[in-house]
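Accompanying notes for the structure given below.
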Amino acid sequence: MITAGIDLGSTYVKAVVMRDGKRVGHGVLPTGHDHDISSRKVLDIALNMAGIPFGDVEHITSTGYGRRVTSLAHDTISEISANARGVRWLGAELGVRTIIDIGGQDTKVIAMDDDLNMINFAMNDKCAAGTGRFLEVLAKVLEVPLDDMGPISLTSRDPVDITTTCLVFAKSEVANLIFRGVPKEDIIMGIHKAVARRLAAMAKKVGVNDVVFFDGGPARNTGMIHAMERELGRKMYVPENPQIVTATGAALLAGERMG
Amino acid sequence: MGIDAGAVATKLVIVKDDMSIIASAERATTMEPGKLSARMLEETIDAAGLSRDEIGYIVATGQGRRSVDIADLARTEITAFARGAHFLSPDSEIVVDMGGHGIRVMRMGEMGIVSDFRTNDKCSSGTGCFMDTMAAALEVSIGEVGERSLHSRMAEHVNASCTVFAESEVVSLIAKGKATDDILAGLNSMVARKIIALVNATRCRGKVLLCGGVARNRGVINEIGKEIDRELEVPEEPHLVGALGAVLLSPRKRKIMTEEEAPVKAEAVREPFLKRFLRWSA
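Chain order of the listed sequences is H and A. No gaps in the numbering here: position 157 of the first sequence is 149 in the numbering used here, and each next residue is one more. No gaps in the numbering here: position 133 of the second sequence is 776 in the numbering used here, and each next residue is one more.
Written out as structure tokens, the structure is:
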């Protein structure tokens, strides 16, 4: 059985191809203007990796913010459910009870019971603070490639305190810190701490228990993981490829829906 | 002299002993508010044909007030706005400072003392820099935003309230070929809704004075007027209210204000300064 999950996020589209319960291919691309083209392109990358022709895919389930705008999928699933499904598959033995999924324009915290069923969740999609966008915009202000933010921040000895919440104000604050000659690594770790504070506050509302699973594109950032661990006072479990957890869940659900 | 070193714009007013304004200036705030205010002072007195010796006491307010080293005194923007607003409109119960980085709603008690206060200063939605961001995305100068939105026949609704997300939404509205004036009208009505919500949260039914730089946007003022059922007042140069309030906080002006003839003097100055260009009654 060959299935695929496509996660159409606000910033990136992700695809996962599964064959008989194994992940055999995946792809990630920046979200374009046309969701049909983006989802086909990213699926082709994943299929290419798996060496499977498009015609062999039996069922495609789409998820994410743009899930209803693509005509490629047979059906859709909310990103909360898809993410929880992906985590259940990836981390069944880890004792995961809390998931923090940080996206480009929204962040979700999901609480699970002992059987890994979702019991509560919180979502922030109203404010850019505490989302990937916060990191992306400030990386540009700092003229640092997004992928370098983590490693640079880990060299910080004296992280700054970002006092503003709103991304627009934080941009001015960071510009001012640069102007005053504050070392970049201290500013970047300060930014990670600011995002971590927001995420931790959200997580505490939902309830933080046992192992915390941290996924979404920004979970690739080592400085972000470090800041989260300090803020929550516990280890975070980050999967090898945190960006494709939700697409993995969608591919698994595609299989279940075929029966 | 009063100087209001705001987050986005720095405003300066020079006032004579009889409280008439002889010069005013406005510049975009820079990274060095101290240097900027000193330069603005030089430029303004040169243009007005004044000398530095003629400038008496200087009071600074605004977010950058502590960096203004030419000032003799620094006071918070709440104190300054309340003082300036009470001077211009003693019967207003609510004063809204529609600023570059914050919306501040003050409830005025006896003698122009602030009795209650609300702000949205954690979030830029609805502030001056919200509209600056949108105007830049639409390639419209900020001064035109109000006027152009008045030409719209059907406002384009904008869903996102976050400045960052609203900017993306505006970019996609432009890509869909929506008319700039209609997008501006939709944005102005969002700003108006934010301000109305903050005003209504005070549960006070009295007259409202709208000031701060954003109060120059006629589109926003019109929208607030349509949606709110109470009397509104907008001074002619609403962005100068903080700087004017700062002047009134200097020891000498305080004395004038408490003297018996003060209300008469205030009335004489108020008339030319406060041209009531908009007014609604419930």
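For every residue, glycine included, the Cβ atom is placed at its ideal position computed from N, Cα and C.
Supposed close pair residue i, residue j - CB separation, criterion 8 Å
{"i": "A:Gln706", "j": "A:Ala650", "result": "5 Å"}
{"i": "H:Ser145", "j": "H:Ile180", "result": "4 Å"}
{"i": "A:Glu771", "j": "A:Val857", "result": "According to the sequence provided, residue 771 of chain A is Gly. The question's Glu does not apply to it. Confirmed, about 5 Å."}
{"i": "A:Ala648", "j": "A:Ser680", "result": "6 Å"}
{"i": "H:Ala193", "j": "H:Leu224", "result": "With 8 Å as the limit, H:Ala193 and H:Leu224 do not qualify as a contact, their Cβ atoms being about 10 Å apart."}
Min CB distance residue i to chain H below 8 Å
{"i": "A:Met674", "result": "yes"}
{"i": "A:Ser795", "result": "no"}
{"i": "A:Ser680", "result": "no"}
{"i": "A:Ser804", "result": "yes"}
{"i": "A:Thr776", "result": "yes"}
{"i": "A:His744", "result": "yes"}
Closer than 8 Å to chain A by CB, residue i
{"i": "H:Arg125", "result": "yes"}
{"i": "H:Gln97", "result": "yes"}
{"i": "H:Asn40", "result": "no"}
{"i": "H:Lys118", "result": "yes"}
{"i": "H:Thr90", "result": "no"}
{"i": "H:Val200", "result": "no"}
{"i": "H:Asn168", "result": "yes"}
{"i": "H:Leu244", "result": "no"}
Exposure of residue i, with buried meaning 16 or more beta-carbon neighbours within 10 Å
{"i": "A:Ser768", "result": "buried"}
{"i": "A:Thr845", "result": "buried"}
{"i": "A:Asn802", "result": "exposed"}
{"i": "H:Phe161", "result": "buried"}
{"i": "A:Leu793", "result": "exposed"}
{"i": "H:Glu248", "result": "exposed"}
{"i": "A:Lys819", "result": "exposed"}
{"i": "H:Met250", "result": "exposed"}
{"i": "H:Phe171", "result": "exposed"}
{"i": "A:Asp825", "result": "buried"}
{"i": "A:Phe920", "result": "Caution applies to A:Phe920, whose pLDDT of 39 falls short of 50 and renders its modelled position unreliable; the value that the coordinates give is listed next. Flag for A:Phe920 reads exposed."}
Where residue i falls: helix, strand or coil (DSSP)
{"i": "H:His51", "result": "strand"}
{"i": "H:Ser63", "result": "coil"}
{"i": "H:Arg249", "result": "helix"}
{"i": "A:Met662", "result": "coil"}
{"i": "A:Met674", "result": "coil"}
{"i": "H:Thr240", "result": "helix"}
{"i": "A:Ser768", "result": "coil"}
{"i": "A:Ile756", "result": "coil"}
{"i": "H:Thr68", "result": "strand"}
{"i": "A:Ala668", "result": "strand"}
{"i": "H:Arg125", "result": "helix"}
{"i": "A:Pro881", "result": "helix"}
{"i": "H:Glu223", "result": "helix"}
{"i": "A:Ala622", "result": "Any answer about residue 622 of chain A is impossible in this case: the structure gives chain A only from 644 up to 925."}
{"i": "H:Asn213", "result": "coil"}
Residue closest to residue i, alpha-carbon to alpha-carbon, out of the options
{"i": "A:Met833", "options": "A:Thr687, A:Met774, A:Thr823", "result": "A:Met774"}
{"i": "H:Leu0", "options": "H:Pro151, H:Ser63, H:Leu86, H:Ile217", "result": "H:Ser63"}
{"i": "A:Val702", "options": "A:Glu686, A:Asp689, A:Ser694, A:Arg726", "result": "A:Arg726"}
{"i": "H:Ala114", "options": "H:Met10, H:Lys197, H:Ser164", "result": "H:Lys197"}
{"i": "H:Gly87", "options": "H:Met216, H:Asp107, H:Asp36, H:Val8", "result": "H:Asp107"}
{"i": "H:Asp48", "options": "H:Val20, H:Asn75, H:Asp12", "result": "H:Asp12"}
{"i": "A:Val884", "options": "A:Ala717, A:Gly692, A:Phe724, A:Val658", "result": "A:Phe724"}
{"i": "A:Asp872", "options": "A:Arg848, A:Arg895, A:Arg859", "result": "A:Arg848"}
{"i": "A:Val842", "options": "A:Met751, A:Ser815, A:Glu812", "result": "A:Met751"}
{"i": "H:Leu159", "options": "H:Ile183, H:Arg149, H:Pro137, H:Lys176", "result": "H:Ile183"}
{"i": "A:Ile838", "options": "A:Thr704, A:Thr722, A:Asp661, A:Gly745", "result": "A:Gly745"}
{"i": "H:Arg149", "options": "H:Pro210, H:Asp140, H:Val200, H:Gly215", "result": "H:Gly215"}
{"i": "A:Arg708", "options": "A:Ile646, A:Val757, A:Thr673", "result": "A:Ile646"}
{"i": "H:Met228", "options": "H:Gln235, H:Ile217, H:Ile111, H:Thr238", "result": "H:Ile217"}
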